[in-house]
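Have a look at the structure below before the remarks.
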Amino acid sequence: MYEEHPEFNPPPPNATLWRYIDFTKFVSLLDREALFFSRLDKLGDPFEGSIPKATQDMRPVMFEGMDIPSELIPNMIESFSESKGKRVRSALVNCWHENENESEAMWKLYGGASGIAIKTTFKKLSECLIDDTPMFIGRIRYIDYDTTIIGEGNILASLLVKRKSFEHEQEVRIVSGDFEQEIEGGNYYKVDTHTLIHEVVVAPYSPRWFVNLVESVASRYNLRAPISKSGMDAIPLW
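The numbering used here puts the first residue of the sequence shown at 529, with every later residue one more than the last.
In structure tokens:
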């Protein structure tokens, strides 16, 4: 279930969110009635969950205020870093793209010719989470990893920042509050798919038979949301 958290900056209730996935993941969502949350270290960006250099440089100052012998501080910093890093990397997340319109870049990155885009709003996304596990939702901040300092009082802070080179993703991230166990790969959490899915958009340049297949599968699972093909392959006028 969705819970507010001071570390998270959620979008407005009516903000439009998209999740670009392939057809097999769409079928899995309908069949399981669950969203897959990936471990942070499986997302493909080695900087996920890491801290900026400027934040790391502040760690000696943090320990100096704890009345600890100076010769012990380097080992304590290393131990703290290893422990926190392991916990952060095993965090479970589910990622969405905030945009009023479709994104060609996101189609190419995550959709492909057999891709599906699930369109929803922040309000619907927050209300569809029916699993008892606490879920936090917020916008990702895109920062300079050389100069920015982030707080280390809560491990969630490092889950909500990425390098500026990923700014095109305009990501809104759901983070599972289940930090007690380390899960291999990821985990599924139950959702109300009828609440979640406001519209289904089929990838541009996909053949008509694929659109028909998506409609057939949606009908089989009694999905009431409208299904349309992307308008991005419209023929230009001259």
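Positions of the beta carbon are idealized from the N, C-alpha and C atoms, including for glycine.
Nearest-angstrom beta carbon gap, residue j and residue i [assumed within contact, 8 Å]
{"i": "Pro539", "j": "Arg667", "result": "6 Å"}
{"i": "Val703", "j": "Val555", "result": "Contact doesn't hold; Cβ gap of about 25 Å is too wide."}
{"i": "Gly640", "j": "Ala731", "result": "7 Å"}
{"i": "Leu751", "j": "Leu620", "result": "At roughly 25 Å, the Cβ-Cβ gap does not stay under 8 Å, so Leu751 and Leu620 are not in contact."}
{"i": "Ile678", "j": "Ser686", "result": "6 Å"}
{"i": "His533", "j": "Leu684", "result": "7 Å"}
{"i": "Lys757", "j": "Val739", "result": "5 Å"}
{"i": "Glu531", "j": "Met663", "result": "7 Å"}
{"i": "His726", "j": "Thr648", "result": "5 Å"}
Separation of residue j from residue i, as counted between CA atoms
{"i": "Leu563", "j": "Asn622", "result": "8 Å"}
{"i": "Ser631", "j": "His696", "result": "9 Å"}
{"i": "Asn627", "j": "Ala633", "result": "12 Å"}
{"i": "Asn537", "j": "Thr544", "result": "15 Å"}
{"i": "Ile755", "j": "Thr721", "result": "14 Å"}
{"i": "Leu637", "j": "His625", "result": "12 Å"}
{"i": "Leu741", "j": "Tyr716", "result": "25 Å"}
{"i": "Arg748", "j": "Leu657", "result": "23 Å"}
{"i": "Gly713", "j": "Asn629", "result": "31 Å"}
{"i": "Pro735", "j": "Asp659", "result": "36 Å"}
{"i": "Phe575", "j": "Arg691", "result": "8 Å"}
{"i": "Ile711", "j": "Gly613", "result": "15 Å"}
{"i": "Pro764", "j": "Ile671", "result": "37 Å"}
{"i": "Pro602", "j": "Glu610", "result": "12 Å"}
{"i": "Arg617", "j": "Lys718", "result": "22 Å"}
{"i": "Gly577", "j": "Tyr733", "result": "36 Å"}
{"i": "Asp585", "j": "Glu606", "result": "13 Å"}
Assigned secondary structure, residue i (DSSP; H/G/I helix, E/B strand, else coil)
{"i": "Asn603", "result": "helix"}
{"i": "His625", "result": "strand"}
{"i": "Thr648", "result": "strand"}
{"i": "Ser566", "result": "strand"}
{"i": "Tyr638", "result": "helix"}
{"i": "Trp737", "result": "helix"}
{"i": "Gly643", "result": "strand"}
{"i": "Ile658", "result": "coil"}
{"i": "Ile671", "result": "strand"}
{"i": "Leu765", "result": "coil"}
Span of the beta strand (DSSP E) around residue i
{"i": "Leu751", "result": "That residue, Leu751, is in no beta strand (DSSP E); it is neither H nor E in DSSP."}
{"i": "Lys581", "result": "Counting along the chain, Lys581 falls outside any beta strand (DSSP E), though it belongs to the alpha helix (DSSP H) covering 581-585."}
{"i": "Phe664", "result": "663-667"}
{"i": "Asn715", "result": "714-718"}
{"i": "Tyr699", "result": "Note that residue 699 is Glu in the sequence shown, not Tyr. From DSSP, the beta strand (DSSP E) with Glu699 extends over 699-704."}
{"i": "Glu727", "result": "727-730"}
Endpoints, alpha helix (DSSP H) assigned at residue i
{"i": "Ser556", "result": "551-560"}
{"i": "Lys692", "result": "It is not in any alpha helix (DSSP H) - Lys692 carries neither H nor E in the DSSP assignment."}
{"i": "Leu724", "result": "721-724"}
Notebook entry, point to check: Should the stretch 531-550 be called in touch with the stretch 637-646, which here means at least 3 C-beta pairs below 8 Å?
Noted result: The answer is yes - the stretch 637-646 touches the stretch 531-550, with three or more Cβ pairs under 8 Å.
Note to self: Does the stretch 566-574 come into contact with the stretch 650-669, if we say contact requires no fewer than three beta-carbon pairs (one atom in each stretch) closer than 8 Å?
What the structure shows: Verdict: no, contact absent.
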